[in-house]
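Inspection log for the structure reproduced underneath, given as structure tokens.
Chains as they are written, first to last, in the numbering used here: chain Y, 934 to 1328; chain S, 120 to 201.
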């Protein structure tokens, strides 16, 4: 019973409310045909956003509208010629940098935790979490590059308010736009509730349940009076904690994928069995894929103004940014750097293994195939669970 | 662009692909996409585009890189920017 209480109390409120909101949003659209219209979906999206963000709704809408106004202004620049395209692209980069500074300032000064009393009600005028930030970056990038046209206000508000993506996963505007016309031709509920859907549902439920139980167990352990020996504590941290985190989020995102189908939307998958991958590159290609693909497409595939690409530099930049995206503090910066260094090591190995003689390949191949997944898992966990001595230094 | 020029670009792109990913000429025929070979992952993609840029003496705009995920897309981009 204590374990169950710990599991339930460990549910992050941030996950519970969105899940309930998405279930209601999916049920409404399925049961009430009148809501199957652009205004119906917009209304549900805005209500869902209000339910999830609550007092931060105003801040959330303000930052999104500011970005939309910028895009509207930039759309006045025609892109008939290459110089005009370049101009739009440069303005979009400038906007992305401003958004990044705003995001970092919000993190540094903890603006999302500072309500302002207004007319007897405390509201948050600033709300730009990691998902909203990344989502807006994708819009600025896609619009600036000409991949998408300026969205209508209706489409934009529906996109930013989509209940299934409010705290992840990322659905880029181009991906949403492609499906927007199909949303009005939503499949009937019976067709959505296929065998495959139920399998996905129960799998997601299983992942979340096991993730919750593991989390509850870890909470019980940490709050118990037992003093665990160092190595046992380490073993528990490395074996249970990563899985509890992964299963909880993988299950949550899978729920979102399934519930979005009632709206006729296909969300891209988020996880693809990341643990057990043989190297860091494969791990990151399988972990939180909608977000990592944004970092890959926009920051890894980037010249950064240099005449030539430098993969090592790009790898360090990307992982540093991923770290800061999680949090602007010493822990996450170090976490990002460690992953960047690990990734660079893998890049070096990959670039140079061709120079090994065939016999050396044969000698290394079998042990690497066995040791690779273990080493990758241990390295990933080590980056999460830094030794106390290092944690003290970076605080 | 003339047909000969297009054919030349097509061949050179495929030769670069074969060189970067250690493939035979037969293995780089047809429309290939990222992920088709184990080596054509995100890192392989960057290495390929570095080689393509050197081969043709051009520079792809940053925002195009993520879109060039197939041989057809790369060939079209080379024809556009060369």
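Think of the CB as a built atom: it goes at the ideal place given N, C-alpha and C, for glycine as much as any other residue.
Keep in mind that this is a model prediction, so the values were computed, not measured.
Per DSSP, cross-strand counterpart(s) of residue 189 of chain S: Here residue 189 of chain S refers to the residue found at position 70 when the second chain is read from its first residue. Bridge partners of residue 189 of chain S: S:152.
Cβ-Cβ distance between residue 129 of chain S and residue 194 of chain S below 8 Å: For the purposes of this step, residue 129 of chain S is taken as residue 10 along the second chain, with counting starting at 1. For the purposes of this step, residue 194 of chain S is taken as residue 75 along the second chain, with counting starting at 1. Yes.
Span of the beta strand (DSSP E), counted from its first residue to its last, around residue 1056 of chain Y: For this step, residue 1056 of chain Y is matched to residue 123 along the first chain. Unbroken beta strand (DSSP E) run through residue 1056 of chain Y: 1054-1056.
Same chain only: Cβ atoms within 6 Å of residue 991 of chain Y, ignoring 5 sequence neighbours per side: In the first chain, counting from the first residue as 1, residue 991 of chain Y sits at position 58. These residues qualify, in order along the chain: 1056.
Test: residue 1324 of chain Y CB closer than 8 Å to a CB of chain S: Taking the first residue of the first chain as 1, we reach residue 1324 of chain Y at position 391. False, the Cβ-Cβ gap to chain S never drops below 8 Å.
Chain-ordered chain Y contacts of residue 185 of chain S [CB-CB under 8 Å]: As a first step, residue 185 of chain S is located in the second chain; it is residue number 66 there, counting from the start. In chain order: 1229, 1230, 1231, 1234.
Buried/exposed call for residue 1087 of chain Y, threshold 16 Cβ in 10 Å: Mapped onto the first chain, residue 1087 of chain Y falls at position 154. Burial call: exposed.
Test: residue 1299 of chain Y CB closer than 8 Å to a CB of chain S: Here residue 1299 of chain Y refers to the residue found at position 366 of the first chain. Residue 1299 of chain Y does not count as touching chain S.
Same chain, Cβ closer than 7 Å to residue 186 of chain S, neighbours up to 5 away in sequence not counted: As a first step, residue 186 of chain S is located in the second chain; it is residue number 67 there, counting from the start. These residues qualify, in order along the chain: 192.
For residue 1141 of chain Y and residue 1184 of chain Y, believed in contact at Cβ under 8 Å, the rounded distance: Within the first chain, residue 1184 of chain Y is the residue found at index 251, counting from 1. Within the first chain, residue 1141 of chain Y is the residue found at index 208, counting from 1. Indeed they touch by this definition, with Cβ atoms about 3 Å apart.
Helix, strand or coil at residue 1016 of chain Y [DSSP, three-state]: Stepping through the first chain from its first residue, residue 1016 of chain Y is reached at position 83. Here residue 1016 of chain Y sits in helix by DSSP.
Selection of the region 143-170 of chain S by Cβ proximity to chain Y, strictly under 7 Å: 160, 161, 162, 165, 169
CB contact below 8 Å: residue 190 of chain S versus chain C: Absent here is chain C; the protein component of the structure consists of chains Y and S.
Whether residue 1102 of chain Y touches residue 1201 of chain Y by CB criterion (8 Å): Within the first chain, numbered from 1, the residue matching residue 1102 of chain Y stands at position 169. Within the first chain, numbered from 1, the residue matching residue 1201 of chain Y stands at position 268. A contact, by the Cβ cut-off of 8 Å.
Beta-carbon proximity check, residue 1177 of chain Y vs residue 1144 of chain Y, cutoff 8 Å: Here residue 1177 of chain Y refers to the residue found at position 244 of the first chain. Here residue 1144 of chain Y refers to the residue found at position 211 of the first chain. Yes, the Cβ-Cβ distance between residue 1177 of chain Y and residue 1144 of chain Y is below 8 Å.
Nearest-angstrom Cα separation, counted from residue 1231 of chain Y out to residue 1152 of chain Y: Indexing the first chain from 1 puts residue 1152 of chain Y at position 219. Indexing the first chain from 1 puts residue 1231 of chain Y at position 298. The straight-line gap from Cα to Cα measures roughly 38 Å.
Anticipated Cβ contact below 8 Å, residue 1002 of chain Y with residue 1025 of chain Y, distance rounded: Along the first chain, one-based indexing puts residue 1002 of chain Y at 69. Along the first chain, one-based indexing puts residue 1025 of chain Y at 92. Incorrect: roughly 14 Å between the Cβ atoms, too far for contact.
Three-way DSSP call (helix, strand, coil) for residue 1127 of chain Y in this model: Position 194 of the first chain, counted from the start, is the residue given in the question as residue 1127 of chain Y. Looking at residue 1127 of chain Y - three-state DSSP - the assignment turns out to be coil, as it is neither helix nor strand.
Ordered list of alpha helix (DSSP H) runs contained in the region 1166-1203 of chain Y, each at least 4 residues: 1174-1193
Buried or exposed (CB count within 10 angstroms, at least 16 for buried), residue 1268 of chain Y: The residue given as residue 1268 of chain Y occupies position 335 in the first chain. Buried, since its Cβ has 16 or more Cβ neighbours within 10 Å.
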